[in-house]
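Asks: This note's numbering applies: residue 37 is where the sequence shown begins, and numbers increase by one.
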Amino acid sequence: MIITLSGNENQQDILDFLEHLEQYKSRDEDFCFVMDLREMHRLPQEARNQLVTWLMEADIHQLAGTAVVVSSPLMKLYLSSIIWMAKSLDRKKRGFKHKTARSLSEAYEWSRSRLNKSRAGRTGKLKG
Numbered sequence: 037m038i039i040t041l042s043g044n045e046n047q048q049d050i051l052d053f054l055e056h057l058e059q060y061k062s063r064d065e066d067f068c069f070v071m072d073l074r075e076m077h078r079l080p081q082e083a084r085n086q087l088v089t090w091l092m093e094a095d096i097h098q099l100a101g102t103a104v105v106v107s108s109p110l111m112k113l114y115l116s117s118i119i120w121m122a123k124s125l126d127r128k129k130r131g132f133k134h135k136t137a138r139s140l141s142e143a144y145e146w147s148r149s150r151l152n153k154s155r156a157g158r159t160g161k162l163k164g
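1. For LEU99, which option in ARG74, MET71, LYS61 has the closest C-alpha, if you only look at C-alpha atoms?
2. On the DSSP letters alone, give me the boundaries of the beta strand (DSSP E) that LEU99 sits inside.
3. Under 9 Å between the Cβ atoms of LEU79 and ILE39?
4. Measure the Cβ-Cβ separation of THR136 and VAL106 and say whether it is below 9 Å.
5. The beta strand (DSSP E) with LYS135 in it runs from where to where?
6. Run the CB neighbour count on SER108, radius 10 Å, all protein chains shown included, and call it buried at 16 or more, exposed below.
7. How many Å lie between LYS153 and GLU142 at the Cα?
8. Looking only at its own chain, which residues have a Cβ that is under 8 Å from the Cβ of GLY43, when we skip the five neighbours before and after it?
9. Apply the 10 Å Cβ neighbour rule to LEU41 and answer buried if 16 or more other Cβ atoms are within range, or exposed otherwise.
10. Is GLU55 buried or exposed, if buried means 16 or more other CB atoms sit within 10 Å of its CB?
11. Which residue marks the beginning of the beta strand (DSSP E) containing ASP72, and which one marks its end?
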């Protein structure tokens, strides 16, 4: 799944996107998603908070990983810190793999490699 944010989304757009993602999760297939957040700095604060909260709270047992594309080192540090804190604060949830990338090609390649790996409790390879 590839998600590109233009930076012009409003809070309702983010809610609609998260609802769509929940529907995708209900398909019970393994997947990765690549989020292009290079324009995230233009999103309203409430929309950014919704995305981060969802990432921290979602039960994504099918998720083979997330690859997020950011343009600035500061955004990379911020995002990596948020995800590290989410994993550290809730050790009961199964962690998911995450990659903060500087380009879409780097994110795609990482995601493809994740989908080609077997995960514990699954038979065969992850579905693509």
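From the three backbone atoms N, C-alpha and C, an ideal C-beta is built for every residue, glycine too.
Replies: Let me lay it out:
1. LYS61
2. 99-105
3. no
4. yes
5. 134-137
6. exposed
7. 17 Å
8. GLU75, MET76, HIS77, ARG78, LEU79
9. buried
10. exposed
11. 67-72
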